[in-house]
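Numbers given in this note's numbering equal positions in the sequence shown, counted from 1, plus 34. Just so you know, even glycine gets a beta-carbon here, dropped at the ideal spot from N, CA and C.
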Amino acid sequence: MRLRQSTEILRRGRLTLSFCAAIGYEVPMRIFLCAWIALALLAGAAPAAAGPGEEPGLDEKIGQMIMVGFRGLSVADGDPVDRDIRKRRIGGVILFDYDVPSRTWGRNIESPGQLRALTDSLKKRTAVPLFIAVDQEGGRIARLKEKAGFPPTLSQKRLAAAGDPGRTARQAERTAKTLAGLGINLNLAPVVDLDLNQDNPVIGKLERSFSRDPGTVSRHAAVVIEAHRRHGILTAPKHFPGHGSAAGDTHEGFVDVTGRWSALELEPFRTLIRRGEADLIMTAHVFNGTLDPEWPSTFSRKTLTDLLRGDLGFSGVVISDDLQMKAIASRYGLETVVGQSILAGVDILLFANNSVYEEDIAARAAATIRSLVDKGVIPKGRIDESWRRIMRLKKPLSR
């Protein structure tokens, strides 16, 4: 890192000296202006990305832990997401077709051709593979809709109702092939919550669960994951440790599942982990006093480190659900949100920017994490752990 910075200083210094000479200034003035302009240039310079085989600095590692949503059907130099990728080295973006805060369609997705151009443009802005994520579960939760020129889909509940995992596999194959052709490399699916409460406003009522039976959920989830892997698409089973029994919606506020949750809800996660079929796992923002009487699941070390990594043996990447949902954002400040998530065991902090829109959220999150590391609240080794897990997962994406 220091060698790259020194090389950049020398390069900019030579350019500045040449500029001063070219416009005819005498030597003393050249020296003064050279120093003044070089310092100004370096003050605004984006940090250089680590080269092949070289470990990056702390700020770049922190950047890899951040995934954000943004507005725009295309990306231009100087756009907020362009700065987040180039300067802050964020690790991923998430795409939506509908912008909730402004209640308008056409946020990132308009047509197959437009979407492919967008993902190509995003990838060209970084040498490190970029996670480009989408929620393409099927049915109501499908960002790539038939009306925009994408293949039709059925909900997970309707797929499983036929009793034929092959039907689920065929839809998953179409979905994965479509995503690969569009340059998307991460599908935040399948949902492996059990359908224990059909009045659940965000799982049961939206037909997002395959079944109330953990064996059925595991079988259908496995064929979804296998189809995606054949096309080089990563998946993220969700929402750990189980959201299916809830009576509320974490998008809208605090949700307590303590009296409803059952250990049975862990079984699909346990099965997928045991079979090595979980690339990432997404957390739930539910409060589950059975597992942790103090923190919601996304902030709970007892849930994410002791249970998920310890008891269930998961060694992959943990991604949070959207940290701007009201279950989190209405109760905790940014410092608690990022600090407690990381200390609990989250590797990727997701700010979807689609409950509220905060243009500078990546910058504020990165600065907050860095401050917490500098103050010793978050051990630097904890950042290193997440960075290594993320890089292992990204390695095949660079091929």
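Output needed for residue i: all residues of its chain with C-beta closer than 8 Å, excluding positions within five of it in sequence on either side, in chain order.
i      : result
Leu368 : Arg398, Ala399 and Thr402
Phe385 : Ile100, Met101, Val102, Gly103, Asp356, Leu357, Gln358, Glu392, Ile395, Ala396 and Ala399
Gly278 : Asp227, Leu228, Asp229, Leu230, Asn231, Asn234, Ile237, Gly238, Ser243, Arg246 and Glu299
Ala214 : His265, Gly266 and Ile267
Arg123 : Pro81, Ala83, Pro90, Asp93, Glu94, Gly97, Gln98, Thr160 and Val162
Asp418 : Lys95
Let me confirm a value: residue i is counted as buried when at least 16 other C-beta atoms fall within 10 Å, else exposed. Which label applies?
i      : result
Glu299 : buried
Pro186 : exposed
Ser364 : exposed
Lys429 : exposed
Ala110 : exposed
Ala196 : exposed
Gly200 : exposed
Ala161 : exposed
Thr292 : exposed
Pro434 : Any property of residue 434 remains undetermined from this structure, which presents the chain solely from 35 to 433.
Ala55  : Its pLDDT being 44, under 50, Ala55 is placed unreliably by the model, and nothing is read from it.
Gly125 : buried
Ala297 : exposed
Gly344 : exposed
Leu406 : buried
Asp118 : buried
Arg423 : buried
Looking at the structure shown, is residue i part of a helix, part of a strand, or coil, going by DSSP?
i      : result
Phe165 : strand
Ile382 : strand
Lys239 : coil
Asp290 : strand
Leu216 : helix
His277 : coil
Val441 : No answer is possible for residue 441: the residues shown for the chain start at 35 and end at 433.
Leu338 : helix
Leu268 : strand
Asn221 : strand
Arg433 : Because Arg433 sits at a pLDDT of 45, beneath the cut-off of 50, its placement in the model cannot be relied upon, and the point is left open.
Ala72  : Bear in mind that the predicted position of Ala72 carries a pLDDT of just 43, short of 50, making it too unreliable to give a figure here.
From residue i to residue j, what does the alpha carbon distance come to, in whole angstroms?
i      : j      : result
His262 : Leu268 : 7 Å
Gly112 : Pro248 : 47 Å
Leu427 : Ala194 : 29 Å
Ile315 : Ile353 : 6 Å
Glu280 : Arg309 : The question names Glu, but residue 280 in the sequence shown is Ala. Straight-line Cα distance between these residues: approximately 27 Å.
Leu338 : Leu325 : 10 Å
Phe435 : Thr209 : Given that the chain is displayed from residue 35 to residue 433, the structure contains no residue 435 and the question cannot be resolved.
Pro271 : Gly379 : 16 Å
Leu129 : Phe184 : 15 Å
Asp340 : Leu346 : 9 Å
Ser136 : Asp313 : 33 Å
Ile166 : Glu311 : 20 Å
Asp290 : Glu328 : 12 Å
Leu383 : Asp116 : 19 Å
Arg416 : Lys181 : 44 Å
Lys121 : Leu149 : 23 Å
Arg404 : Ser252 : 39 Å
Ile376 : Ala151 : 34 Å
Pro114 : Ala206 : 33 Å
Gly217 : Lys157 : 9 Å
Glu260 : Lys409 : 43 Å
Arg335 : Thr317 : 12 Å
Once you ignore the five residues that flank residue i on each side, which residues in its own chain have a CB closer than 6 Å to its CB?
i      : result
Glu144 : Leu107
Glu241 : Gly173, Ser189 and Lys191
Thr202 : Leu193, His254 and Val257
Ser420 : Met99 and Asp381
Pro330 : His319 and Phe321
Pro146 : Gly183
Suppose the cutoff is 7 Å on Cβ atoms and the five residues either side in sequence are ignored; what does the same chain contact list for residue i look like?
i      : result
Leu431 : Pro163 and Asn219
Asp169 : Ile175, Arg177, Leu222 and Ala223
Tyr132 : Trp139 and Arg141
Glu171 : Gln190, Ala223, Pro224, Val225 and Arg242
Gly287 : Lys360, Ala361 and Ser364
Trp295 : Gly276, Ser279, Asn322 and Thr324
Pro413 : none
Val411 : Gly373
Would you please verify whether the beta carbon of residue i is less than 8 Å from any beta carbon of chain C?
i      : result
Ser334 : No chain C appears in the structure shown, which is made up of a single protein chain.
What are the complete beta strand (DSSP E) segments, minimum 3 residues, inside the stretch 134–197?
-> 165–168 and 170–172
Quick one: which unbroken beta strand (DSSP E) runs of 3-plus residues sit fully inside the stretch 95–126? Chain order, please.
-> 100–103
Starting from the N-terminal side, write out each stretch of the alpha helix (DSSP H) that is 4 residues or longer and does not extend beyond the stretch 367–431.
-> 368–378, 395–408 and 414–428
What residue ranges within the stretch 295–330 form continuous alpha helix (DSSP H) runs of no fewer than 4 residues, ordered along the chain?
-> 301–308
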